[in-house]
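Sequential numbering of the sequence shown, starting at 1, is according to the UniProt record's numbering.
Each residue gets a CB set at the ideal place from its N, CA and C atoms; glycine is no exception.
What follows is one structure encoded as structure tokens, with my remarks underneath.
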Amino acid sequence: MDSVIDVNDEVMFLNYKDARDALRPNPNTSVAGSTRFEYRSDKSVQGPRIEPLPPAQKSDTLPLDHQVTSKVVNLQSGSWKRVYCGVGVWSRLSPIKHRLVFLFLGFTMTSEHILQGPEALPVPNVSLGRYLLQRLREHGDRQYQVDAVSGVKTTFSEVLRKSTSLAESLRSHGVGVDDVVGVASVNSLEFCLPVLAAYYLGATCATFNPLYTVREISHALNISKPSIIFCSPTCVSKIEEASEGLLFVRKLVVLGDGTPMSSGQVPFHSFVQREAAADFAAVDVDPDQHVAAILCSSGTTGLPKGVMLTDRNIVSCIMNLA
1 MDSVIDVNDE VMFLNYKDAR DALRPNPNTS VAGSTRFEYR SDKSVQGPRI EPLPPAQKSD
61 TLPLDHQVTS KVVNLQSGSW KRVYCGVGVW SRLSPIKHRL VFLFLGFTMT SEHILQGPEA
121 LPVPNVSLGR YLLQRLREHG DRQYQVDAVS GVKTTFSEVL RKSTSLAESL RSHGVGVDDV
181 VGVASVNSLE FCLPVLAAYY LGATCATFNP LYTVREISHA LNISKPSIIF CSPTCVSKIE
241 EASEGLLFVR KLVVLGDGTP MSSGQVPFHS FVQREAAADF AAVDVDPDQH VAAILCSSGT
301 TGLPKGVMLT DRNIVSCIMN LA
């Protein structure tokens with residue numbers, strides 16, 4: 001494009017190559033003011049062409065000749081991006097800075113070759129426990145999960161029955177809204193049961209890595225303060241050592257069919273002693289305010305931190321990612 005891009009001109013480019021070539025410093029193209037460059041991936045637009053526009057808004061914090069900002073235009077269509085270069089900025093930049101600006105432009109432009117997912121689904125105003133309970137009832141005898149090692153399979157109806165029975169057992173031990181249930185387990189068919197049961201009761205589920213050291217487990221327990229902890233046989237001794245002296249930990253339940261190693265440990269099959277009614281209902285909580293889960297961060301800069309997720313956070317992820 002052999003022209004001088006003047007003050008407040010808007011240039012629309014039909015494809016990325018045109019935009020790149022026009023913005024590349026050369027004797028035939030220069031910037032003489034606060035100019036708007038627009039790239040549009042719409043073949044119905046014949047470009048490049050120049051249209052006068054009102055002056056771009058000046059920055060309150062940066063001199064205009066140093067201003068380089070970006071702004072999305074017409075977000076719903078996803079096809080427009082707008083880039084502002086301040087007065088004379090292009091002609092004053094060195095070649096290496098030209099490349100930096102080009103890199104900046106490259107990341108702010110959209111293209112017809114970029115795959116995009118569907119629009120986000122609306123999230124219902126419902127607690128996580130009620131949402132999951134409804135999904136389990138809907139799918140009935142369909143396969144829910146498979147143990148890759150043993151080949152054992154479970155159905156939605158089986159998980160529904162076991163998780164609601166566990167919820168009634170937890171309720172009988174005083175677990176309710178805003179109480180914390182801990183889970184430290186390897187991947188297993190039982191892992192989901194205490195998680196679901198906690199959600200049904202409006203409790204908070206706090207998960208811990210079973211490979212944590214005793215010090216890391218102790219730190220995580222003191223963050224979330226669970227009253228009942230479900231754990232795998234492989235890490236039960238570490239959990240017991242880490243929880244020693246922590247008065248908020250009332251019971252330690254061992255998942256699977258492992259034999260408890262001490263009097264303070266309860267086997268899972270002994271803990272679940274109540275059958276839930278067919279019309280079992282999950283507790284209603286405010287999905288925007290209730291903390292459904294406390295997850296441990298990676299701990300790259302120190303000991304893990306507790307990350308709180310609300311019911312709405314998790315329901316949104318399930319609906320849009322599952």
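Item, Value
"Cβ-Cβ distance between ILE217 and PHE208 below 8 Å", "yes"
"heavy atom of the ligand NAP below 7 Å from PRO210 C-beta", "Inclusion of the ligand NAP in the displayed structure is not the case, the ligand content being empty and no account of it being possible."
"Three-pair Cβ contact test at 8 Å for the stretch 125-134 versus the stretch 270-288", "yes"
"Same chain, Cβ closer than 6 Å to SER232, neighbours up to 5 away in sequence not counted", "SER185, VAL186, PRO210 and LEU255"
"C-beta contact flag for VAL177 and ALA198 at 8 Å", "no"
"Three-state class that DSSP yields for ALA278 in the structure shown", "coil"
"Backbone CA spacing between ARG215 and ARG312 [nearest angstrom]", "32 Å"
"When THR300, LEU121 and ALA292 are compared against SER224, the one with the closest alpha-carbon", "ALA292"
"Sufficient close CB pairs (3 or more, under 8 Å) joining the stretch 144-157 to the stretch 300-320", "no"
"Span separating the alpha-carbon of LYS238 from that of GLU119", "45 Å"
"Under the three-state DSSP convention, the category ASN313 falls into", "helix"
"Distance between beta carbons of PHE248 and SER227, contact taken as under 8 Å", "6 Å"
"Member of CYS192, CYS205, VAL195 and SER157 whose CA lies at the smallest distance from the CA of ALA278", "SER157"
"Terminal residues of the beta strand (DSSP E) in which PRO267 lies", "265-267"
"Neighbourhood of ALA276 by C-beta distance below 6 Å, restricted to the same chain and skipping five residues each side", "THR164, SER165 and GLU168"
"Beta carbon of VAL159 nearer than 8 Å to that of LEU133", "no"
"GLY129, DSSP secondary structure in three states", "helix"
"Proximity of GLN273 and VAL236 at Cβ, strictly below 8 Å", "no"
"Where GLY202 falls, given that 16 or more other Cβ within 10 Å makes a residue buried", "buried"
"Check whether residue 327 and CYS205 have beta carbons under 8 Å apart", "Residue 327 lies beyond the stretch modelled for the chain, which goes from 1 to 322, so this question has no answer here."
"For VAL315 and SER172, the rounded distance between their alpha carbons", "27 Å"
"Buried or exposed (CB count within 10 angstroms, at least 16 for buried), VAL253", "buried"
"Where THR154 sits in the DSSP three-state scheme", "strand"
"Among LEU189, ARG161, SER297 and TYR212, nearest to VAL146 - alpha-carbon criterion", "LEU189"
"Residue 325 - partner residues in DSSP beta bridges", "It is not possible to answer for residue 325, since the shown part of the chain is limited to 1 through 322."
"CB contact flag (CYS317, ALA220, <8 Å)", "no"
"Own chain partners of VAL123 with C-beta closer than 7 Å, once the 5 adjacent residues on each side are dropped", "ARG312, VAL315, SER316 and MET319"
"LEU309 versus TYR200: straight-line alpha-carbon distance, rounded", "16 Å"
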